Amino acid sequence: MRLAFVCAATYLGGTVPTIFADTHFLRCRPFPVEDRMDRETRLKRLRFRAWHRGVKEADLLIGGFFDRHGAGWSDTEMDLFEALLEEQDVDIMAWAMGMQPVPECYAGTVMTALKALNYVPISR
């Protein structure tokens, strides 16, 4: 069974959902993910979600990032990116541009690559 990570920023300072009530609550909680999708299907799903954020700037940032790096990710990195997609666009953009500190649960190779900003497609 693989584990995915959910960053629970919305629960900080609020009430802890009942699913976390009996455990020590951390900012990021692993939860089991069923292995129903093969790698290719999962990558296609992640690409769609990365490019359809609702704000053009976020589409370019997150979608461009996925196109540059997504194919080489391990299952763990895909799990982390999938959890990152659950965050608000403004937060992801602030972390990528260094305007806000990155939550500990997202620190690592994926966030380091996201902060490089060398993948944003710029038309000239």
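In terms of full-length UniProt numbering, the sequence shown is numbered consecutively and its last residue is 124.
By construction, the Cβ of each residue, glycine as well, lies at the ideal position given by its N, Cα and C atoms.
It should be emphasised that the depicted structure is a prediction, and the values quoted were computed from it without experimental measurement.
Taking a contact to require three or more Cβ pairs closer than 8 Å, the region 42-54 and the region 69-84 qualify as touching. Residue range Arg39 to Trp51 is occupied by the alpha helix (DSSP H) that includes Arg42.
Going by beta carbons, Val120 and Leu61 fall inside the 8 Å limit. Residue environment for Ala71: exposed (fewer than 16 other C-beta atoms within 10 angstroms of its C-beta).
Residue state for Met78 is assigned as helix, using DSSP reduced to three classes.
In this structure, Asp91 sits near Gln100, with a CB-CB distance shorter than 8 Å. One Cα belongs to Lys115, the other to Met93, and the distance between them is close to 9 Å.
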